[in-house]
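The structure under discussion appears below in the form of structure tokens.
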Amino acid sequence: GEDVEQSLFLSVREGDSSVINCTYTDSSSTYLYWYKQEPGAGLQLLTYIFSNMDMKQDQRLTVLLNKKDKHLSLRIADTQTGDSAIYFCADDSGGYQKVTFGTGTKLQVIP
Amino acid sequence: NAGVTQTPKFRILKIGQSMTLQCTQDMNHNYMYWYRQDPGMGLKLIYYSVGAGITDKGEVPNGYNVSRSTTEDFPLRLELAAPSQTSVYFCAGSPGQSSETRFGSGTRLTVV
Numbered sequence: 154g155e156d157v158e159q160s161l162f163l164s165v166r167e168g169d170s171s172v173i174n175c176t177y178t179d180s181s182s183t184y185l186y187w188y189k190q191e192p193g194a195g196l197q198l199l200t201y202i203f204s205n206m207d208m209k210q211d212q213r214l215t216v217l218l219n220k221k222d223k224h225l226s227l228r229i230a231d232t233q234t235g236d237s238a239i240y241f242c243a244d245d246s247g248g249y250q251k252v253t254f255g256t257g258t259k260l261q262v263i264p
Numbered sequence: 334n335a336g337v338t339q340t341p342k343f344r345i346l347k348i349g350q351s352m353t354l355q356c357t358q359d360m361n362h363n364y365m366y367w368y369r370q371d372p373g374m375g376l377k378l379i380y381y382s383v384g385a386g387i388t389d390k391g392e393v394p395n396g397y398n399v400s401r402s403t404t405e406d407f408p409l410r411l412e413l414a415a416p417s418q419t420s421v422y423f424c425a426g427s428p429g430q431s432s433e434t435r436f437g438s439g440t441r442l443t444v445v
């Protein structure tokens, strides 16, 4: 089955850029996603990229997709303490619009 | 529009008890899903449904059952609760394009 992998933890200082990385194995995805989960809360769709795109920018967020290497990244510019959360990479390669999630990266922002 | 609503938010069960986690959506979405979230493991798909009357197993279905008698409701049933089912459960709905999938706020279940 599909594997979506992420590093478990990232710590950055407030104001710096954060880069969260993700690798996946199945190349049949239509969309790839980044979800944000704040402590004790549900999942919030942060942004997504269509599989035929290389890059998508949305305010402080930049998503880069390297299909050849099956690598997805999320860059958060000017990281704020409110960005502290777990970030999940995901794709829809499972069919029937199912979303397959990575293990999540916990982002800690140090003031 | 409330979106996807899950109840209860928290529950403690004893081993061997049964319960139903409720999920309802008011977006007229055909597709609905149940995930469980364990620490450091991401979300795993338990069951899904592509429409009323149709359900199918996901990655981790053992110990669970679902039904989909209406478009709106997709309850998840635990018949004999086990400590391994301690987790956070998320229900989600989609109109048929995964970029529109929306999640409920989750049910935190502890089995003791």
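Sequence order for the protein chains is A and B.
For the first sequence, the numbering used here begins at 154 and goes up steadily by one.
For the second sequence, the numbering used here begins at 334 and goes up steadily by one.
We put the beta carbon where it would ideally sit given N, CA and C, even for glycine.
On a predicted model such as this, the values are computed, not experimentally measured, just so you know.
CB contact check: residue i to chain A, cutoff 9 Å
{"i": "residue 423 of chain B", "result": "yes"}
{"i": "residue 413 of chain B", "result": "no"}
{"i": "residue 396 of chain B", "result": "no"}
{"i": "residue 390 of chain B", "result": "no"}
{"i": "residue 434 of chain B", "result": "yes"}
{"i": "residue 354 of chain B", "result": "no"}
{"i": "residue 438 of chain B", "result": "yes"}
{"i": "residue 376 of chain B", "result": "yes"}
{"i": "residue 386 of chain B", "result": "no"}
Residue i - partner residues in DSSP beta bridges
{"i": "residue 352 of chain B", "result": "B/411"}
{"i": "residue 365 of chain B", "result": "B/382, B/426"}
{"i": "residue 226 of chain A", "result": "A/174, A/217"}
{"i": "residue 160 of chain A", "result": "Partner(s): none; residue 160 of chain A has no beta bridge."}
Check whether residue i and residue j have beta carbons under 9 Å apart
{"i": "residue 201 of chain A", "j": "residue 241 of chain A", "result": "no"}
{"i": "residue 196 of chain A", "j": "residue 378 of chain B", "result": "no"}
{"i": "residue 422 of chain B", "j": "residue 440 of chain B", "result": "yes"}
{"i": "residue 223 of chain A", "j": "residue 180 of chain A", "result": "yes"}
{"i": "residue 261 of chain A", "j": "residue 165 of chain A", "result": "yes"}
{"i": "residue 347 of chain B", "j": "residue 438 of chain B", "result": "no"}
{"i": "residue 373 of chain B", "j": "residue 253 of chain A", "result": "no"}
{"i": "residue 264 of chain A", "j": "residue 234 of chain A", "result": "yes"}
C-beta neighbour in chain B for residue i, strict 9 Å
{"i": "residue 251 of chain A", "result": "yes"}
{"i": "residue 256 of chain A", "result": "yes"}
{"i": "residue 238 of chain A", "result": "no"}
{"i": "residue 195 of chain A", "result": "yes"}
{"i": "residue 172 of chain A", "result": "no"}
{"i": "residue 201 of chain A", "result": "yes"}
{"i": "residue 186 of chain A", "result": "yes"}
{"i": "residue 216 of chain A", "result": "no"}
{"i": "residue 245 of chain A", "result": "yes"}
Presumed contact (8 Å Cβ cut-off) between residue i and residue j, rounded CB distance
{"i": "residue 184 of chain A", "j": "residue 244 of chain A", "result": "7 Å"}
{"i": "residue 220 of chain A", "j": "residue 204 of chain A", "result": "7 Å"}
{"i": "residue 213 of chain A", "j": "residue 239 of chain A", "result": "Rounded, the Cβ-Cβ distance is 18 Å, inconsistent with contact."}
{"i": "residue 208 of chain A", "j": "residue 217 of chain A", "result": "5 Å"}
{"i": "residue 232 of chain A", "j": "residue 167 of chain A", "result": "6 Å"}
**Report entry** the stretch 384–401 of chain B in contact with the stretch 164–172 of chain A per 3-pair CB rule at 8 Å
**Finding:** no
Query raised in the report: Contact between the stretch 346–357 of chain B and the stretch 407–418 of chain B: three or more CB pairs below 8 Å?
Result: yes
Query raised in the report: Taking contact to mean at least 3 C-beta pairs separated by less than 8 Å, is the stretch 359–374 of chain B in contact with the stretch 420–429 of chain B?
Result: yes
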